[in-house]
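**Q**
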Amino acid sequence: MPDVIKLLPDSVANQIAAGEVIQRPASAVKELLENAVDAGAGNIQLIVSDGGKTLIQVVDNGTGMSEKDALLCFERHATSKIGKAGDLFSIRTMGFRGEALASMAAIARVEIRTRTSGSDLGTEVTVEASKLKSQKACNCPVGTSISVKNLFFNTPARRNFLKSDNIEKRHILQDFQRITIAWPGIEFKYFQNGQITHHLYKGNLKQRIVNLFGNNYNQRLVPIEEKTQIVNISGFIGKPEYAKKTRGEQFIFINNRFVRSPYLSHAIEHAYDGLVPDNSHPSYFIFLLTDPDQIDVNVHPAKTEVKFRDEKYIYQILKTAARHSLGSHNISPSLDFERETAFDDIPAPAKGQPVKPPAVSINPDYNPFKKHGGDSLRSRANPKHWEQLYPAGSAASQGAQYTISPEWEEAGDGKQEFRLIQLHSRYILSPVKSGVMIIDQQRAHERILYEKLSATAGKGNPGSQQLLFPENIKLNEADSEVLRDIISTVKSMGFGLYELGRDTFVVDSIPSGMPEEINLQEVVEGIVDSFQINRPELRDDPRQNVIRSMAKRFAVHHGKVLTGQEMTALVNDLFACDIPQYTPAGKPVLQIISTTELSERFK
Ligand code: ADP
Ligand code: MG
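The sequence shown begins at 0 in numbering that gives the first Met the number 0 and counts up one residue at a time.
#1: What is the DSSP secondary structure of Asn-165, counted as helix, strand or coil?
#2: Report yes if the CB atom of Leu-204 is closer than 9 angstroms to the CB atom of Glu-476, and no otherwise.
#3: For Lys-238, count the other beta carbons within 10 Å of its own beta carbon; 16 or more makes it buried, fewer makes it exposed. Which is it?
#4: With a cut-off of 8 angstroms, do at least 3 Cβ pairs link the region 140-151 to the region 113-131?
#5: Across the region 241-258 and the region 281-295, are there enough close Cβ pairs to call them in contact, namely three or more that are closer than 8 angstroms?
#6: So, with DSSP's three-state summary, where would you put Leu-537?
#7: When every heavy atom of ligand 1 is checked, does at least one fall within less than 8 angstroms of the C-beta of Ala-270?
#8: Do Glu-127 and Val-109 count as a contact pair if the criterion is CB distance below 9 angstroms?
#9: Spatial neighbours of Thr-594 within its chain, please: CB distance less than 7 angstroms, with the 5 preceding and 5 following residues excluded, ordered by chain position.
#10: For Asp-539, verify whether its CB is less than 8 angstroms away from any heavy atom of ligand 1.
#11: So what does DSSP say about Gln-590, is it helix, strand or coil?
#12: Between the region 63-79 and the region 159-167, are three or more C-beta pairs nearer than 8 angstroms?
#13: Per DSSP, Glu-224 is paired with what?
#14: Pull up the distance between the alpha-carbon of Leu-597 and that of Leu-499, whole angstroms please.
#15: Exposed or buried, what is Glu-645 when buried is set at 16 or more other beta-carbons lying within 10 Å of its beta-carbon?
#16: Does the region 447-464 come close enough to the region 548-568 that 3 or more CB-CB pairs lie under 8 angstroms?
#17: Nearest CA to the CA of His-670: which residue from Val-570, Leu-474, Asp-37?
#18: Please determine, among Gln-228, Pro-291, Val-36, the residue with the shortest C-alpha to C-alpha distance to Tyr-312.
#19: Ligand 2 and Asn-34: does the residue's C-beta get closer than 8 angstroms to at least one heavy atom of that ligand?
#20: Out of curiosity, what's the CA-to-CA distance linking Leu-317 and Gln-249?
#21: Is any heavy atom of ligand 1 found at a distance shorter than 8 angstroms from the C-beta of Asp-68?
#22: Would you say the beta carbon of Ile-55 is closer than 8 angstroms to some non-hydrogen atom of ligand 1?
#23: To the nearest angstrom, report how far apart Val-527 and Ser-65 are at their CA atoms.
#24: Tell me the rounded alpha-carbon separation between Ile-427 and Gly-525.
#25: Taking only three categories from DSSP, how would you classify Lys-29?
#26: Got a sec, what are the start and stop residues for the alpha helix (DSSP H) Leu-71 sits in?
#27: Within 10 angstroms of the Cβ of Lys-130, are there 16 or more other Cβ atoms? Answer buried if so, exposed if not.
#28: Keeping to the same chain, check which residues put their C-beta closer than 8 angstroms to that of Phe-494; ignore five residues upstream and five downstream.
#29: Under DSSP, the beta strand (DSSP E) around Ile-485 begins and ends at which residues?
#30: Within the same chain, show all residues whose beta-carbon is closer than 7 angstroms to that of Asn-533, passing over the 5 residues directly before and after it, in chain order.
#31: With respect to 8 angstroms, is the separation between the Cβ of Ser-129 and the closest non-hydrogen atom of ligand 1 below this value?
#32: With a cut-off of 8 angstroms on the beta carbons, I'd call Tyr-216 and Val-209 a contact; round off their distance for me.
#33: Taking 8 angstroms as the cut-off, does the CB of Ala-660 come closer than this to any heavy atom belonging to ligand 1?
#34: Between Asn-231 and the rest of its own chain, which residues show a CB-CB distance below 6 angstroms, the 5 nearest in sequence each way excluded?
#35: Return helix, strand or coil for Pro-261, following the three-state DSSP convention.
#36: Closer than 9 angstroms, CB to CB, is Asn-165 near chain D or not?
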């Protein structure tokens, strides 16, 4: 029998290994940026074309490489950063595996131009599919420029796996954010298709965050700061009222390395219990500094997951620190911090022992949304009370008969308003022939606007109402990306929304039939938010998603006090709808408690 086992040619082995390190353009961006940081650069430029598919280039003013190193760096396991295997987190540089450049060179064309301060001439090296193409002396500044061209050109399966330029750009942006937030002392520039989209100046962390996400982050954040024997915590966390429906700006860094830790994220979100509505997520930018031997060594370096030795302890510290920070900045006045355990009192737990949560007393009557006035999106007008009176399941909507034409229609004009009662700025109550009808005002309005918008959607010329004064909207970079994707659909609905400049949009008109008394910044942010939330469900129908999101965000909020006239109009419009009973997402708009059910209760 002939021998059947063959050794894979080096180039193929390299390609396979490369796939582990470089999954998409963003992974190359991350590796190149980290190398530049490791090289001590004070100034780093990222240049990307076509979502990184044709070009990713990073230019730095770091140490540069010698002629020999410029060749050696392409060898697998060539690294200047470590001599022996060690713990990921005990290493102060970002990379140390010596795999990144070898991987990129296996699946792309990589060009390096580099010079050290000790030499007058630089070196230029080109490698393609792991083969040295050229090497010569060149004139270049001190530092390094590495271009990665035509990523995956020789691995079609990988190339076909790439998503649209916009999606790849979003991934790149994510990695760019993670690195630039960790290194505010370095100046960064980011060019996309020849245009500068970010210029991040040297500064402190707060300045970096504002530089990245917009000026309004200045007042949205409070500092978090705590030092214990095991961990130092610093950074910023978002004020509760700015929590978002999507988990947008949530960053945790351990020893300056971005990590993903659902467990630690949970600790932070837990600190906001009672301060933000369910399904809302605060922003945070948190840095943990700890002795490397606190961290489990069994983590794959390419992954961002992390595990602490004493996870429960870190959890408590982090949560208490976040609580402290919210409390000491007068955000959660009901928290009694006098009685809270001091940090030094939290003993480092013995192995296997459960950790006692620190005592925080919360005033159950405190409503953090109250101070924002009656029309806050996040206002929750004590719905519990109502639910206790009318337990879920008692409503007659499950197949019960009811008359859709409300009784007040017959009561003549004068009495209409009198018959509608607003409850907790949230529900509208009305007697109907079959009993009592309870309408959720926000959902009713959502249904009405949805049908209005759907009706316009098919037409070439949607109506719109001009604004007296066009209004500027400032979004963060990630939200802007999403808005750019959907802006033509949004415009086709009669919403006059245009991009002005970097992450700034202007609204000059809104679709006809939408309420005029709105906070446009909130509405636009909300539309983007909803669009993201609906995305998994409405993947194949982005237009439907836009319509639903607009209906939801233009709708009157819970907490808005309605006049009799407004209530009448709302109820009239609702029953002019094709499907008044449900929101576009299938949630009930109204419930009817039948007279039979009522008499049953009075037995
Ligand atoms: P690692 O970063 O894990 O060491 P890489 O493959 O990313 O592995 O890089 C290999 C080596 O090339 C690095 O250890 C470093 O010596 C050198 N190198 C890479 N990028 C740069 C750069 N921008 N400036 C200076 N040296 C660099
Ligand atoms: Mg590296």
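The C-beta atom is built at its ideal place from N, Cα and C for all residues, glycine as well.
**A** Taking the structure as given:
#1: Asn-165: helix per DSSP, three-state reduction.
#2: Here Leu-204 is not near Glu-476, since their CB atoms are 9 angstroms or more apart.
#3: Per the 10 Å Cβ criterion, buried.
#4: As far as the Cβ criterion goes, the region 140-151 touches the region 113-131, which means the pair count is three or higher.
#5: Yes, they touch.
#6: In the structure shown, Leu-537 sits in coil (DSSP, three-state: anything other than H, G, I, E or B).
#7: It does not: the Cβ of Ala-270 is nowhere closer than 8 angstroms to a heavy atom of ligand 1.
#8: Contact check for Val-109 against Glu-127 passes: the beta carbons are separated by less than 9 angstroms.
#9: The beta carbon of Thr-594 is closer than 7 angstroms to those of Ser-433, Gly-434 in its chain, skipping five residues each way along the sequence.
#10: No, since every heavy atom of ligand 1 falls outside the 8 angstroms radius drawn around the Cβ of Asp-539.
#11: It is a strand residue.
#12: No, the region 63-79 is not in contact with the region 159-167.
#13: Per DSSP, Ser-233.
#14: As the crow flies, the alpha-carbon of Leu-597 is around 57 angstroms from that of Leu-499.
#15: Past the boundaries of the shown model lies residue 645; the chain is included only from 0 to 602, so the question cannot be answered.
#16: The region 548-568 is in contact with the region 447-464.
#17: The structure shown does not extend to residue 670, since the chain is modelled only from 0 to 602, so the question has no answer here.
#18: Sorting Gln-228, Pro-291, Val-36 by C-alpha distance to the C-alpha of Tyr-312 places Gln-228 at the top.
#19: Because some heavy atom of ligand 2 lies under 8 angstroms away, the Cβ of Asn-34 counts as near it: yes.
#20: Roughly 14 angstroms separates the two Cα atoms.
#21: At least one heavy atom of ligand 1 lies less than 8 angstroms from the C-beta of Asp-68.
#22: Remark: the shortest separation between the CB of Ile-55 and any heavy atom of ligand 1 does not fall under 8 angstroms.
#23: Roughly 48 angstroms separates the two Cα atoms.
#24: The alpha-carbon atoms of Ile-427 and Gly-525 are separated by roughly 24 angstroms.
#25: In the three-state reduction of the DSSP assignment, Lys-29 falls in the helix class.
#26: 66-71 is the span of the alpha helix (DSSP H), which, as asked, contains Leu-71.
#27: With fewer than 16 other Cβ atoms from the protein chains shown falling within 10 Å of its own Cβ, Lys-130 counts as exposed.
#28: Result list for Phe-494: Ser-463, Val-506, Ser-508, Ile-509, Pro-510, Met-549, in chain order.
#29: Note, Ile-485: premise wrong, no beta strand (DSSP E); alpha helix (DSSP H) at 476-491.
#30: Taken in chain order, the residues that qualify are Asn-544, Arg-547, Ser-548.
#31: Of the heavy atoms belonging to ligand 1, none sits nearer than 8 angstroms to the Cβ of Ser-129.
#32: For Tyr-216 against Val-209, the beta-carbon gap comes to about 5 angstroms, under 8 angstroms, which counts as contact.
#33: No answer is possible for residue 660: the residues shown for the chain start at 0 and end at 602.
#34: Once the five neighbours on either side are set aside, the close Cβ partners of Asn-231 are Leu-288.
#35: Assignment of Pro-261 by DSSP, reduced to helix, strand and coil, places it in the helix class.
#36: Looking at the structure shown, chain D is missing, and only one protein chain is on hand.
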